[in-house]
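Everything on this sheet refers to the single structure shown next.
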Amino acid sequence: MALPLEGIRVCDFTWVIAGPTATRVLADFGAEVIRVEHEQAADSIRLGRPIVGDQPTLNNSGFFNYFNRNKKSILLNARHPDGMELLKRLIAKSDVVVENFSCGVLESWGLGYEELKEIRPDVIYCSISGFGHTGRDRAFTTWGPTAQALSGLTFTSGLPGKPPAGWGFSYMDHTAGYSGAIAIMMALHHRNRTGEGQHIDMSQVEAGIALMGPAVLDATVNGRSWRRDGMPPGNRTWQPAVAPHNAYACVGEDRWIAIAVMNDAEWQALVRAMEEPEWALDRRFATNEGRLANQDELDTRIEEWTSELDDYEAMELLQAAGVRAGVCQKPGDRFERDPQSRARGWWHTLMHPELGECEHDGVAPRLSKTPGQLRMASPLIGQHTHDVLREVLGLSASEIDDAQASGALM
Amino acid sequence: VTGPLADLRVIEICDELGQYAGKLLADMGADVVKVEPPGGSTARAIGPFVRDIAGPNRSLDFWYHNTNKRSVVLDFEHDDGDRERLRKLAVSADLVIEDRAPGALKALGLDYEALDRDRKGLIHCSITPFGQDGPWAQFRSSDMVSLALGGQMNMNGYNEEDAPGAPPIRGHGDQGYKTACHFAVMGILAALLHRDRTGEGQYIDCSMHEALNSTTEVGLPYWFYKRENVIRQTTRHAAARKTERWRYAGGDGKDVLVYGVGRDNASWKKIKEWFQSEGFGKQFDETRFDDPRNRQPARGSPEAGEILAEVGRFFAAHSAEEIYRGGQERGQAWGVIRSPDETLADPHWHDRGFFVPTRGEGLADDVLMPGAPYVLSATPWELRRPAPKLGEHTAEVLGESGIG
Numbered sequence: 073m074a075l076p077l078e079g080i081r082v083c084d085f086t087w088v089i090a091g092p093t094a095t096r097v098l099a100d101f102g103a104e105v106i107r108v109e110h111e112q113a114a115d116s117i118r119l120g121r122p123i124v125g126d127q128p129t130l131n132n133s134g135f136f137n138y139f140n141r142n143k144k145s146i147l148l149n150a151r152h153p154d155g156m157e158l159l160k161r162l163i164a165k166s167d168v169v170v171e172n173f174s175c176g177v178l179e180s181w182g183l184g185y186e187e188l189k190e191i192r193p194d195v196i197y198c199s200i201s202g203f204g205h206t207g208r209d210r211a212f213t214t215w216g217p218t219a220q221a222l223s224g225l226t227f228t229s230g231l232p233g234k235p236p237a238g239w240g241f242s243y244m245d246h247t248a249g250y251s252g253a254i255a256i257m258m259a260l261h262h263r264n265r266t267g268e269g270q271h272i273d274m275s276q277v278e279a280g281i282a283l284m285g286p287a288v289l290d291a292t293v294n295g296r297s298w299r300r301d302g303m304p305p306g307n308r309t310w311q312p313a314v315a316p317h318n319a320y321a322c323v324g325e326d327r328w329i330a331i332a333v334m335n336d337a338e339w340q341a342l343v344r345a346m347e348e349p350e351w352a353l354d355r356r357f358a359t360n361e362g363r364l365a366n367q368d369e370l371d372t373r374i375e376e377w378t379s380e381l382d383d384y385e386a387m388e389l390l391q392a393a394g395v396r397a398g399v400c401q402k403p404g405d406r407f408e409r410d411p412q413s414r415a416r417g418w419w420h421t422l423m424h425p426e427l428g429e430c431e432h433d434g435v436a437p438r439l440s441k442t443p444g445q446l447r448m449a450s451p452l453i454g455q456h457t458h459d460v461l462r463e464v465l466g467l468s469a470s471e472i473d474d475a476q477a478s479g480a481l482m
Numbered sequence: 002v003t004g005p006l007a008d009l010r011v012i013e014i015c016d017e018l019g020q021y022a023g024k025l026l027a028d029m030g031a032d033v034v035k036v037e038p039p040g041g042s043t044a045r046a047i048g049p050f051v052r053d054i055a056g057p058n059r060s061l062d063f064w065y066h067n068t069n070k071r072s073v074v075l076d077f078e079h080d081d082g083d084r085e086r087l088r089k090l091a092v093s094a095d096l097v098i099e100d101r102a103p104g105a106l107k108a109l110g111l112d113y114e115a116l117d118r119d120r121k122g123l124i125h126c127s128i129t130p131f132g133q134d135g136p137w138a139q140f141r142s143s144d145m146v147s148l149a150l151g152g153q154m155n156m157n158g159y160n161e162e163d164a165p166g167a168p169p170i171r172g173h174g175d176q177g178y179k180t181a182c183h184f185a186v187m188g189i190l191a192a193l194l195h196r197d198r199t200g201e202g203q204y205i206d207c208s209m210h211e212a213l214n215s216t217t218e219v220g221l222p223y224w225f226y227k228r229e230n231v232i233r234q235t236t237r238h239a240a241a242r243k244t245e246r247w248r249y250a251g252g253d254g255k256d257v258l259v260y261g262v263g264r265d266n267a268s269w270k271k272i273k274e275w276f277q278s279e280g281f282g283k284q285f286d287e288t289r290f291d292d293p294r295n296r297q298p299a300r301g302s303p304e305a306g307e308i309l310a311e312v313g314r315f316f317a318a319h320s321a322e323e324i325y326r327g328g329q330e331r332g333q334a335w336g337v338i339r340s341p342d343e344t345l346a347d348p349h350w351h352d353r354g355f356f357v358p359t360r361g362e363g364l365a366d367d368v369l370m371p372g373a374p375y376v377l378s379a380t381p382w383e384l385r386r387p388a389p390k391l392g393e394h395t396a397e398v399l400g401e402s403g404i405g
């Protein structure tokens with residue numbers, strides 16, 4: 073089957089997670105993504121755990137494999153004049169150049185947008201940084217958790233009176249990557265129409281604040297901050313104000329079910345599913361207003377019921393009654409037990425020369441005529457250097473030997 | 002219209018789940034026509050409201066998620082004429098996005114197969130909690146329920162000693178819906194680029210469950226390679242084994258995130274000078290602090306303990322913002338944990354023009370809200386119009402489309 077981004081070549085300087093997530097999306101949809109790497113300054117995620125074996129080797133990280141499937145890797149020494157020359161030739165053959173260095177790094181190599189345009193006039197150059205390439209704090213740097221903290225995401229996740237909980241993973245590395253992929257594909261569509269390329273300046277923190285719109289508007293319109301008593305509300309709702317809405321313990325170690333009741337009809341469905349216990353028929357719980365006013369008792373009573381039940385059985389029972397309910401699945405549950413993912417053929421394997429047969433998640437969303445595909449595992453460092461020099465740049469065998477001997481390919 | 006999607010006409014039939022996908026397209030230039038039933042999208046009933054007075058045009062949640070769209074009211078679920086009007090709008094569009102339950106539009110004759118017959122090249126994206134098929138396809142969900150099943154909640158919460166018996170925690174802001182919409186738009190754009198080359202349209206099945214499944218960082222790799230479940234920890238990443246804390250309190254009670262203190266010698270020198278300039282950490286000049294290994298808390302060395310004690314005293318004497326800026330100016334990727342509204346006070350975002358003015362019912366003046374998640378030099382993000390009032394553009398859109 074055809075791939076939707078067939079024919080798009082990406083010169084990929086990204087590292088760690090945010091940038092590689094953007095290029096994972098492009099690669100899954102068929103772009104030829106070429107990671108430009110250097111052995112002495114390797115992507116730290118090449119050493120990231122989990123690894124297979126005792127010591128990281130640059131080629132045995134399962135974490136790296138997860139974010140870099142479907143991509144190629146070449147070794148190029150940009151500090152060597154011949155290496156820089158080859159790099160410029162690669163850029164000339166690339167539709168997209170993408171990087172997530174700190175602001176100013178690519179400019180210091182002489183590869184800012186103005187220079188890139190000289191090499192390739194219609195290039196789409198996407199930079200993903202913490203704070204963007206303009207503004208007084210542009211030299212500041214982020215990790216995913218820093219961006220989550222600075223955007224308000226971390227603050228909104230937690231129980232009242234407790235420290236913030238999380239997010240528990242680098243949500244903003246994923247989401248900055250998705251935003252980068254979106255911006256790149258939009259720019260490609262514009263180029264298809266007009267022939268014009270452009271520079272995309274993405275700030276990871278701005279992408280995060282953009283996910284917090286209503287909370288910001290509540291401050292600018294109503295003068296209310298989330299920093300106040302009773303906030304953040306844990307698993308209870310902010311808006312719409314409805315109850316019950318929480319995660320409840322089930323039978324077993326660290327087993328929980330999330331139940332969301334959005335209106336009176338869903339409450340009545342929950343009461344029926346619980347077989348109409350006397351407490352639930354109390355008039356105080358008949359209206360949403362009453363349920364909100366008595367949430368502590370309501371949550372205690374519901375948890376008394378769920379704590380006798382297996383979480384998956386409780387979910388089936390509640391869903392059959394029309395109640396929104398879902399198990400707080402662990403990674404192992406998602407892979408081993410989740411019947412939905414299994415039925416839809418979500419899991420795949422790809423052979424990797426050092427990691428062996430490896431498991432992967434699929435490609436979402438599903439395009440009916442040109443679906444994304446898993447074609448190859450993540451590349452060994454420099455695995456495609458010769459292929460790319462020969463097939464993309466048209467170098468002869470002896471030219472490649474010369475480049476190798478000069479130290480341009482390391 | 003300045004955006005890269007200025008040539009696109011979109012019909013959106015979405016409530017809470019899918020509306021952000023329409024916004025992402027509309028903010029970049031697409032003409033997004035939101036078709037709503039006579040009572041309005043259910044998203045109009047979600048607060049907070051302007052001055053806390055409910056009303057279909059007063060929802061701030063709706064304002065934010067529906068910028069740059071036009072609203073057309075059609076009773077397409079009950080009225081044959083309106084259903085035909087919607088069909089005509091859809092077959093004149095490039096893209097349909099919808100978030101109804103699987104099969105709901107088919108029952109109305111508005112599914113992809115029916116529309117595609119009259120509009121070759123149409124891209125039709127369905128956004129649903131679990132996808133169009135499979136045993137959970139008709140399960141009911143919400144943002145929290147999907148974050149539970151997707152795995153996000155299990156990785157987010159507290160160490161037992163910080164909050165005994167606490168459940169897994171859902172982060173706020175309808176991030177499950179937002180992740181589904183990011184994936185929907187990625188798929189739509191991939192399909193659009195295919196259409197640019199071939200003229201061919203297609204159907205897109207966007208499952209929120211799958212979008213979230215691909216969005217848990219280390220969670221799946223630890224299962225794939227180690228058959229281990231990562232365990233949630235307070236204010237830091239879930240991990241296979243307990244890791245050192247990141248959160249420290251500033252003197253004003255606000256929190257900072259700190260990833261090690263001077264891990265490398267260059268940054269250690271700057272941190273040391275900063276502390277000592279204010280009379281803290283005088284012992285840091287002793288040679289036993291020179292070895293970076295002695296400074297790693299995970300190794301349990303006495304030096305690491307002393308550093309953390311000084312960090313505690315130093316932080317207590319400063320506000321969280323001061324610590325954040327002081328650390329960043331010394332090359333540390335430290336952060337401060339701000340509530341969403343506190344981002345408005347940071348002049349860096351105003352330098353970049355990130356916050357943009359909007360307006361609406363019940364307000365005399367413009368108010369600020371977050372703007373562009375990406376800055377495109379040739380085809381920038383643009384706020385052309387605030388979120389539409391219910392049915393504001395019914396006559397305009399039907400008129401220009403020649404639909405009586």
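Chains A and B, in that order, give the protein sequences. Heads up: the first sequence at position 78 corresponds to 150 in the numbering used here, and the numbers run straight through without jumps. Heads up: the second sequence at position 82 corresponds to 83 in the numbering used here, and the numbers run straight through without jumps. Here a beta-carbon is modelled for each residue, glycine too, at the ideal position from N, C-alpha and C.
Query: Delimiting residues of the beta strand (DSSP E) encompassing ASP256/B; Result: 256–258
Query: Helix, strand or coil at MET334/A [DSSP, three-state]; Result: coil
Query: Cβ contact (3+ pairs, closer than 8 Å) linking the stretch 111–118 of chain A and the stretch 81–100 of chain A; Result: yes
Query: Of the residues HIS458/A, SER450/A, GLU463/A, THR442/A, the one placed nearest LEU193/B, counting alpha carbons only; Result: THR442/A
Query: Test item: CB-CB of LEU147/A and HIS110/A under 8 Å; Result: yes
Query: CYS400/A - partner residues in DSSP beta bridges; Result: Paired residues: none, contrary to the question.
Query: Residue-chain proximity (ILE272/B, chain A), Cβ-Cβ < 8 Å; Result: no
Query: Limits of the beta strand (DSSP E) - the one that GLU322/B falls within; Result: Run containing GLU322/B: none in the beta strand (DSSP E); it sits in the alpha helix (DSSP H), 321–330.
Query: Simplified DSSP assignment, three categories, for MET423/A; Result: strand
Query: Neighbour list for TYR249/B in chain A, Cβ cutoff strictly below 7 Å; Result: Those do not exist, as TYR249/B stays about 10 Å from chain A at its closest Cβ, beyond 7 Å.
Query: CB contact check: GLY403/B to chain A, cutoff 8 Å; Result: no
Query: Straight-line Cα distance separating LEU96/B from HIS125/B; Result: 6 Å
Query: Selected residue, minimal CA-CA separation from ILE308/B, among PHE285/B, ARG300/B, ASP291/B, ALA299/B; Result: PHE285/B
Query: Local Cβ density within 10 Å of VAL323/A, reported as buried at 16 or more and exposed below that; Result: exposed
Query: Beta-carbon neighbours of MET274/A, restricted to chain B and to distances below 9 Å; Result: PRO374, TYR375, VAL376
Query: Within 8 Å, strictly: CB atoms of GLN192/A and SER166/A; Result: Position check: residue 192/A holds Arg in this sequence, whereas Gln was assumed. A contact, by the Cβ cut-off of 8 Å.
Query: Beta carbon of ARG327/A nearer than 8 Å to that of ASP410/A; Result: no
Query: Cβ pair ALA332/A, MET145/B closer than 8 Å; Result: yes
Query: Whole-angstrom distance between GLY444/A and GLY102/A, CA atom to CA atom; Result: 7 Å
Query: Beta carbon proximity, ALA406/B to chain A, threshold 8 Å; Result: As displayed, chain B neither begins before 2 nor continues past 405, which places residue 406/B out of reach and without an answer.
Query: Cutoff 8 Å: CYS95/B Cβ touching any chain A Cβ; Result: The sequence given here places Asp at residue 95/B; Cys does not occur at that position. So no, ASP95/B is outside the interface.
Query: Anticipated Cβ contact below 8 Å, HIS319/B with GLY251/B, distance rounded; Result: 6 Å
Query: Segment contact, 8 Å Cβ cut-off, at least three pairs: the stretch 183–201 of chain B with the stretch 108–116 of chain B; Result: no
Query: Contact with chain A by ARG141/B, beta-carbon distance below 8 Å; Result: yes
Query: For ASN318/A: DSSP bridge partner residues; Result: ILE331/A
Query: Beta-bridge pairing of GLN270/A - partner residues as DSSP gives them; Result: ILE196/A
Query: For LEU369/B, the first and last residue of its enclosing beta strand (DSSP E); Result: 368–371
Query: Contact the stretch 150–161 of chain B vs the stretch 224–241 of chain A: 3+ CB pairs below 8 Å; Result: yes
Query: Candidates GLU343/B, GLU383/B, ARG120/B, ARG331/B: closest to ASN266/B by CA position; Result: ARG331/B
Query: C-beta contact flag for LEU225/A and GLY280/A at 8 Å; Result: yes
Query: Chain B contacts from the stretch 276–303 of chain A (Cβ-Cβ distance under 7 Å); Result: GLU278, ALA279, ILE281, ALA282, LEU283, MET284, GLY285, PRO286, ALA287, VAL288, LEU289, ASP290, ALA291, THR292, VAL293, ASN294, SER297, TRP298, ARG299
Query: ALA386/A vs ALA397/A beta-carbon contact at 8 Å; Result: yes
Query: Cβ pair TRP215/A, TYR260/B closer than 8 Å; Result: yes
Query: Alpha-carbon spacing of HIS183/B relative to THR216/B, whole angstroms; Result: 11 Å
Query: Closest by C-alpha distance to THR180/B, when choosing among ARG118/B, GLN20/B, GLN139/B; Result: GLN20/B
Query: CB contact below 8 Å: VAL323/A versus chain B; Result: no
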